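Student: Residues in the sequence shown are numbered consecutively from 46, following our numbering.
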Amino acid sequence: MIGFRIGPLDAAVDAASFHCGQAVLDEYIRRYASQDVRRNLARVFVASPAADPRRLAGYFTLSAGSVGCSDLPAALARKLPRYPVPVALIGRLAVDSDFQRKGLGAILLADACRKVVQVSAVLAVAGIVVDAKDGSAARFYAHFGFVQMPGQSGRLLLPAKALPA
Ligand SMILES: CC(C)(COP(=O)(O)OP(=O)(O)OC[C@H]1O[C@@H](n2cnc3c(N)ncnc32)[C@H](O)[C@@H]1OP(=O)(O)O)[C@@H](O)C(=O)NCCC(=O)NCCS
């Protein structure tokens, strides 16, 4: 089992060789991620093999967001007010093809959830929203308990109560 280090996006990491099978996610980490960090639109975290710290094996982004009550699953919407509620957004999460199906996606998702739990002590969120780029990505998130948001194709939610304390 390979050991990974996860930390904030770092210019020393080689994003040019990153390929995950979704061109938009490759393009994002190469061209736009550092701009988003500078403009406070997203925090970007990268994973590298412990033995090869310049290699980019995977990444995810975290931002604040909000969702309307009608976009929430009915069971959750019933317990919440009718105005938009705050959420944490995993806007992008991707693993390089060389590292897929080896557990890194699960490690990145768990790390993102852990970070949200820490932040939620000082900034309330009703859940975590993810944007799945296709059906396969949606199945990956569903595997970890995320549920489809009604009327929001590709958006899934993990309610805050499902997060580890
Ligand atoms: C989706 C993605 C992040 C999964 O990462 P990964 O490292 O291959 O996934 P893991 O090896 O950690 O898999 C963790 C679990 O999810 C399951 N899983 C992984 N991909 C899956 C998929 N496409 N459909 C269903 N389950 C999936 C695995 O079987 C594994 O299950 P287990 O815990 O029972 O063994 C990765 O394939 C990827 O980057 N794809 C392209 C980009 C993308 O679609 N990103 C998500 C949208 S932003």
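Backbone N, C-alpha and C define an ideal beta-carbon position, used for all residues, glycine too.
In this text, all values refer to a predicted model and were calculated from it rather than measured experimentally.
#1: Would you decide whether residue 168 is buried or exposed? Buried here means 16 or more other CB atoms lie within 10 Å of its CB.
#2: Note down, one range per segment and in chain order, each alpha helix (DSSP H) of at least 4 residues found wholly within the segment 142–175.
#3: According to the Cβ coordinates, are residue 98 and residue 57 closer than 9 Å?
#4: Buried or exposed: which applies to residue 141, given that a residue is buried once 16 or more other Cβ atoms fall within 10 Å of its Cβ?
#5: Is there at least one non-hydrogen atom of ligand 1 closer than 8 Å to the beta-carbon of residue 158?
#6: Near residue 160, which residues of its chain fall below 7 Å by C-beta distance, leaving aside the five closest residues on each side in sequence?
#7: Would residue 137 pass as a contact of residue 186 if the rule is Cβ separation under 9 Å?
#8: Which residue from 92, 165, 199 and 173 puts its Cα closest to that of residue 181?
#9: DSSP state of residue 74, grouped into three classes?
#10: Is any heavy atom of ligand 1 found at a distance shorter than 8 Å from the C-beta of residue 146?
#11: In whole angstroms, what separates the C-alpha of residue 122 from that of residue 164?
#12: Label residue 93 either buried or exposed according to how many other C-beta atoms from any shown protein chain fall within 10 Å of its C-beta, with 16 as the threshold for buried.
#13: For residue 216, I'd like the list of residues in its chain whose CB is within less than 8 Å of its CB, leaving aside the five on either flank, ordered along the chain.
#14: Per DSSP, residue 93 forms a beta bridge with which residues?
#15: With a Cβ-Cβ cutoff of 9 Å, do residue 63 and residue 75 count as a contact?
#16: In this structure, does DSSP put residue 186 in helix, strand or coil?
#17: Just how far apart, CA to CA, sit residue 177 and residue 66?
Tutor: So, to answer that:
#1: As a position in the sequence shown, residue 168 is number 123, starting the count at 1. Burial call: exposed.
#2: Those alpha helix (DSSP H) runs which fall completely within the segment 142–175 and span 4+ residues are 149–164.
#3: Taking the sequence shown and counting its residues from 1, one reaches residue 98 at position 53. Taking the sequence shown and counting its residues from 1, one reaches residue 57 at position 12. Contact flag set, yes.
#4: Residue numbering aside, residue 141 sits at position 96 when the sequence shown is read from its first letter. The residue in question, residue 141, is buried, as its Cβ has 16 or more Cβ neighbours within 10 Å.
#5: Your numbering for residue 158 matches position 113 in the sequence shown. For ligand 1, not one heavy atom lies less than 8 Å from the Cβ of residue 158.
#6: For the purposes of this step, residue 160 is taken as residue 115 along the sequence shown, with counting starting at 1. Non-local beta-carbon contacts of residue 160 in its own chain, meaning distances under 7 Å to residues more than five positions away in sequence, involve 107 in chain order.
#7: Locating residue 137 in the sequence shown gives position 92, counting from the first residue. Locating residue 186 in the sequence shown gives position 141, counting from the first residue. Not a contact, by the Cβ cut-off of 9 Å.
#8: In the sequence shown, counting from the first residue as 1, residue 181 sits at position 136. Among 92, 165, 199 and 173, the Cα nearest to that of residue 181 belongs to 199.
#9: As a working mapping, residue 74 is identified with position 29 in the sequence shown. Secondary structure at residue 74: helix, using DSSP grouped into helix, strand and coil.
#10: Translated into the one-based positions of the sequence shown, residue 146 becomes position 101. Proximity of the beta carbon of residue 146 to ligand 1 is indicated: a heavy atom of the ligand is located closer than 8 Å.
#11: Taking the sequence shown and counting its residues from 1, one reaches residue 122 at position 77. Taking the sequence shown and counting its residues from 1, one reaches residue 164 at position 119. Cα-Cα distance, rounded: 23 Å.
#12: Looking up residue 93 in the sequence shown gives position 48. Buried, by the Cβ-count rule.
#13: For the chain, the structure presents residues 46 to 210; residue 216 sits outside this window and is missing.
#14: The residue given as residue 93 occupies position 48 in the sequence shown. In the DSSP secondary-structure assignment, residue 93 is bridged to 50.
#15: Reading the sequence shown from its first residue, position 18 is the one you call residue 63. Reading the sequence shown from its first residue, position 30 is the one you call residue 75. Contact: yes.
#16: What you label residue 186 is simply residue 141 of the sequence shown in a count that begins at 1. Residue 186 falls in the helix class under three-state DSSP.
#17: In the sequence shown, counting from the first residue as 1, residue 177 sits at position 132. In the sequence shown, counting from the first residue as 1, residue 66 sits at position 21. Computed Cα separation, rounded: 13 Å.
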